[in-house]
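Heads up: the sequence shown is residues 934 to 1412, going by our numbering.
Glycine included, C-beta positions come from ideal geometry on N, C-alpha and C.
For clarity, every value in this text was computed on a predicted model and none was experimentally measured.
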Amino acid sequence: MRSLVQTNAFIDGHWIPTDKRFVVTNPATGETLAEVADGDAAMAERAVEAAHKALSHWREKTPKQRADLLRRWYQSMLDNKQALGELMSAEQGKPIAEAIGEIEYGASFVDWFAGEAERCYGDILPTVSNDKRSWIIKQPVGVCAAITPWNFPNAMITRKVAPALAAGCTIVVKPPQLTPLSALALAQLASEVGIPDGVINFVPTTQAKEVGEVFTQHPRVKKFTFTGSTSVGKALMEQCAQTMKKVSLELGGNAPFIVFDDADIEVAVRELIACKFRNAGQTCISANRVLVQESVHDAFVEELEKSLATIKVAPGDADEVDYGPLINKDAIDKVEELLKDAQQHGAKLVTGGKVLTELGELFYAPTLLTEVTQAMRIAQEEIFGPVIAVQTFTDEAQGISRANDTPFGLAGYFCAQDYTRIQRVSEQLECGMLGINAGAISHAYNAFGGVKESGIGREGSRYGLAEYQETKNITLGGF
Ligand code: ADP
934 MRSLVQTNAF IDGHWIPTDK RFVVTNPATG ETLAEVADGD AAMAERAVEA
984 AHKALSHWRE KTPKQRADLL RRWYQSMLDN KQALGELMSA EQGKPIAEAI
1034 GEIEYGASFV DWFAGEAERC YGDILPTVSN DKRSWIIKQP VGVCAAITPW
1084 NFPNAMITRK VAPALAAGCT IVVKPPQLTP LSALALAQLA SEVGIPDGVI
1134 NFVPTTQAKE VGEVFTQHPR VKKFTFTGST SVGKALMEQC AQTMKKVSLE
1184 LGGNAPFIVF DDADIEVAVR ELIACKFRNA GQTCISANRV LVQESVHDAF
1234 VEELEKSLAT IKVAPGDADE VDYGPLINKD AIDKVEELLK DAQQHGAKLV
1284 TGGKVLTELG ELFYAPTLLT EVTQAMRIAQ EEIFGPVIAV QTFTDEAQGI
1334 SRANDTPFGL AGYFCAQDYT RIQRVSEQLE CGMLGINAGA ISHAYNAFGG
1384 VKESGIGREG SRYGLAEYQE TKNITLGGF
């Protein structure tokens, strides 16, 4: 199989080395995978200039020409999905099958937005007076800048880059320090299929703050898009204010997963497991608080325990793995700290709650905690690990108010069968995305994004393209 390992920055179609390098490791083994160029603020400026230089040529292409190139990039990702998946699994830890799933998922945004590029319409407005006509055209925002996290090393990039390119924008990307190889492999494929130089640029770095300052403050950058923690997102949004950039922010969540007394318990357990253990619980839409109506609590926990006993934890390249290692020691420490705090405040550990040392220091057991309360840290912070923390509630109103009792509003989930309840609860939960009897809700056709402190803007769907477009109202007089 061909190698897709690139270790230098990618600017204006060229691979740019640096003297200073940083190490990328395999979290399952601790082994060094590569030493990657460590970009700095000057390199970030160079990338922005390259994107600026490429902009006029790219935006002048017809939507069809841009769509054709995006489809070639999409096809190339699929053709190389095995190699891309193995690379991702090695640097990120997720099982190879799940990593290949992410490549397909990531590529699907490129395909979707290739289609959207060709369906980008303006509007003819009602006539205000007989001597005038007004209409709206959509135009690319301009140079975009993106900062992405390590939990989805491919898809977090494609769902920003694909709509940007579809709209006629060029882009600079700072991939995460922990998983730059998946990002640079995407650059290689983009270059091979003929996406013009400077349209996509990648600046790997350990100097996130310095590079982030260039991306958020450079006057040539018109749009900044970020996925990561709420605290960093807030700081970056503030930095963008000086030049009034458009922003899209996909930030942290604290997703409730509510099991009402009319839920099908089997479905609830199955969907919770699908939702919770994807990427070992390291996703921003993982169920963080499991709220179970008192009357079905014992039956639910009993079923859940049975299912947890079947979960297989192993290195990502083993067979039939449910999940692999957490990303690093900090992630393990965070999970243990939250568990300790919860237990000190009265939560009960039903199963798990330990590092699986026989596998390595970053593998954590599937964990079930009951008697959790809303005041505990584990119910207020993102766990980002394979821990199910169960609380109870008495009736529908209390379930909803508990679920909404958080500054976050990314995903929410609930299980119920009564259709009037489904309607009522759907309208009242404060979140950007809702799964009803469904724990897997991400798709390129869907609008991904949050309300409250979980962010601004949407990715995927037709709304995802609008994030990279300006709306220009034109009035023609003299009739
Ligand atoms: P996570 O917990 O997912 O790592 P972060 O918000 O820390 O969340 O990181 C998400 C992305 O933001 C990463 O690419 C990281 O390098 C980058 N990042 C972190 N701090 C800053 C900062 N001060 N300025 C710019 N980028 C940052």
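Local Cβ density within 10 Å of residue i, reported as buried at 16 or more and exposed below that
i: ILE1033; result: buried
i: SER989; result: exposed
i: ASP1044; result: buried
i: ARG1052; result: exposed
i: PRO1059; result: exposed
i: THR1404; result: exposed
i: PRO1319; result: buried
i: THR1081; result: buried
i: ASN1063; result: exposed
i: HIS892; result: Because the chain in this structure spans residues 934 to 1412, residue 892 falls outside the shown range and cannot be described.
i: GLU1171; result: exposed
i: TRP1006; result: buried
i: GLU1049; result: buried
i: PRO1152; result: exposed
i: ARG935; result: exposed
i: TYR1297; result: buried
Residue i CB to nearest heavy atom of ligand 1 below 6 Å
i: SER1162; result: yes
i: ALA1100; result: no
i: LYS1142; result: yes
i: ILE1080; result: yes
i: GLY1145; result: yes
i: VAL1229; result: no
i: PRO1340; result: no
i: VAL1165; result: yes
i: PRO1109; result: yes
C-alpha gap between residue i and residue j, whole angstroms
i: THR958; j: TYR1256; result: 18 Å
i: GLU1146; j: GLY1411; result: 47 Å
i: VAL1229; j: VAL1192; result: 8 Å
i: GLY1075; j: VAL1154; result: 7 Å
i: THR1327; j: GLN1226; result: 6 Å
i: CYS1217; j: GLU1314; result: 11 Å
i: GLN1140; j: ASP973; result: 6 Å
i: PRO1109; j: VAL1234; result: 37 Å
i: ILE1265; j: PRO1113; result: 22 Å
i: ASP1197; j: SER1394; result: 30 Å
i: ALA1168; j: ALA1188; result: 23 Å
Rounded Cβ spacing between residue i and residue j (contact assumed at less than 8 Å)
i: SER1115; j: LEU1017; result: 7 Å
i: ASP971; j: THR951; result: 6 Å
i: ILE1036; j: MET1010; result: 6 Å
i: GLN1361; j: ILE1389; result: Contact doesn't hold; Cβ gap of about 22 Å is too wide.
i: LYS1385; j: PRO1340; result: 6 Å
i: ALA1079; j: VAL1061; result: Not confirmed; about 39 Å, so no contact.
i: ARG1310; j: LEU1271; result: 6 Å
What alpha helix (DSSP H) runs, 4 residues minimum, are completely inside the segment 1042-1089?
-> none
Can you list the beta strand (DSSP E) stretches of 3 or more residues lying completely in the segment 1282-1322, in chain order?
-> 1300-1303
For the segment 1077-1146, list the alpha helix (DSSP H) runs that are entirely contained and at least 4 residues long, ordered along the chain.
-> 1088-1100 and 1113-1125
Complete runs of the alpha helix (DSSP H) confined to the segment 1191-1221 [at least 4 residues] = 1198-1210
Would you mind listing the beta strand (DSSP E) stretches within the segment 1327-1403 that are 3+ residues and don't spill past its ends, in chain order?
-> 1344-1348 and 1366-1369
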